[in-house]
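Numbering (my numbering), first residue to last: 51 to 209.
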C-alpha cells in the first residue's frame, strides 16, 4: 500500500496516527524537504524521514503526542554527536520536522430529523463530527433530508 493510501485507510478505519513531515533539512542530513513518515499508536511506521536516530526521535515524539492528544509540534533535530548537543548522528546538519496527529472523528447520534436535527447535523458535520441521524418518520429519516450525515436510520428510538 502506498503512503497516501495508508493514510486514507487509517482515517477510514478511525485509527489515530501522526504524520511527520520534513520542513527543512540542511548540510549533509539524510533527509530532504517533504520526506514523510506516518506513525500509528502501536509504533508502526510507513515512509521515512531519513532513518537512524532522527526517525527514532520523531517516532517517539509522535507517539507521545498521540498519547497526550497534542495536535501539532515543530521539532528541530541536530544531527551531531551527543557531546555536541545533537541526537547522536554523525552526518551533521539539522532537520526540522512538523508532526501532526490525526484523531478519529467523534461520533454524534441525533435523535430526530426535523428542522432542529437538520440544522444540528449540518453544524456538527462542519465542525468534524461523524453524524448519524435517527428518526421514526420516513420523510425525516432520509439521506436526501440530511446530506451532511454519515448515516441515516429510520427506526423507533428504542431500536
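A virtual CB, placed ideally from N, CA and C, is assigned to each residue, including glycine.
- State the DSSP-derived secondary structure class of residue 156, mapped to helix, strand or coil. Look at residue 156 here: in three-state DSSP terms it is coil, with no helix or strand label.
- Across which residues does DSSP place residue 123 in a beta bridge pair? Partner(s): 149.
- Cutoff 7 Å; reference residue 115; Cβ partners in own chain excluding five residues on either side: Only residues of its own chain outside the window of five on either side were considered, and among them 68, 123, 149, 151 have a CB closer than 7 Å to the CB of residue 115, listed in chain order.
- Item | Residues sharing a beta bridge with residue 73, DSSP | Note: residue 73 sits in no beta bridge, so no partner.
- Buried or exposed: which applies to residue 177, given that a residue is buried once 16 or more other Cβ atoms fall within 10 Å of its Cβ? Residue 177 is exposed by the Cβ-count criterion.
- Query: If you scan the region 155-208 from start to end, which runs of the alpha helix (DSSP H) of 4 or more residues do you find wholly inside it?
  - Reply: Complete alpha helix (DSSP H) runs here, min 4: 165-176.
- Query: According to the neighbour-count rule (16 or more other Cβ atoms, all chains shown, within 10 Å of its Cβ), is residue 88 buried or exposed?
  - Reply: Buried is the call here.
- Query: Quick one: what does DSSP say residue 102 is sitting in, helix, strand or coil?
  - Reply: Three-state DSSP puts residue 102 in a helix.
- Message: Excluding the 5 residues flanking residue 36 on each side, which residues of the same chain have their C-beta closer than 8 Å to its C-beta?
- Response: With the chain covering only 51 through 209, there is no way to say anything about residue 36.
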